[in-house]
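Structure record follows, encoded as structure tokens.
Residue numbers (our numbering): 401 to 540.
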């Protein structure tokens, strides 16, 4: 009798924890939409110039990773002990280098986009400021 009651209690506690954890899921509770909107607003608040700067920094990091992988590959090739697994190491290093190059290219494209948007926003602000100045002069 004790074992049945113990098993029932254990199963009950496990199910309670599972259901309690399921309620905290961000998709089920609708939190996903709220947090996603917060991230979008914060991205807009950062400004395009700041985002462009962050993407440029990320591209620089990827280029540093490329150089590091190339140095490691050259160093490994210098040992001459590739033998059977050498082609695997070369192909993995080449794969990583291609991935870093692709990421760097994408980051630079995003940075250029945000630079254009920042320039466009600055231009529209300056036009709006100029219109405001013209209105204040005409009202005098």
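Glycine included, C-beta positions come from ideal geometry on N, C-alpha and C. Values in this document were obtained by computation on a predicted structure and should not be read as measured data.
For residue i, the nearest candidate out of the options (CA to CA)
i           : options            : result
residue 459 : 403, 405, 406, 509 : 509
residue 490 : 500, 477, 502, 499 : 477
residue 496 : 473, 515, 506      : 473
residue 467 : 524, 506, 487, 498 : 498
Where residue i sits in the DSSP three-state scheme
i           : result
residue 406 : helix
residue 447 : coil
residue 426 : Any answer about residue 426 is weak, because its pLDDT of 47 lies below 50 and its placement is not dependable; what the coordinates show is given next. Three-state DSSP puts residue 426 in coil, outside helix and strand.
residue 431 : At residue 431, the pLDDT of 48 sits below 50, so the modelled position is not reliable; the number obtained from the coordinates is stated separately. In this structure, residue 431 counts as helix in the three-state DSSP scheme.
Close-in-space but distant-in-sequence residues of the same chain around residue i (CB under 6 Å, 5 per side omitted)
i           : result
residue 511 : 452, 455, 456
residue 493 : 469, 473
residue 465 : 500
residue 514 : 448, 451, 452
Close Cβ partners of residue i (< 7 Å) along its chain, the five nearest in sequence each way excluded
i           : result
residue 416 : none
residue 521 : 448
residue 503 : 462
residue 408 : none
Own chain, CB closer than 8 Å to residue i, minus 5 neighbours either side, in chain order
i           : result
residue 518 : 447, 448, 449, 452
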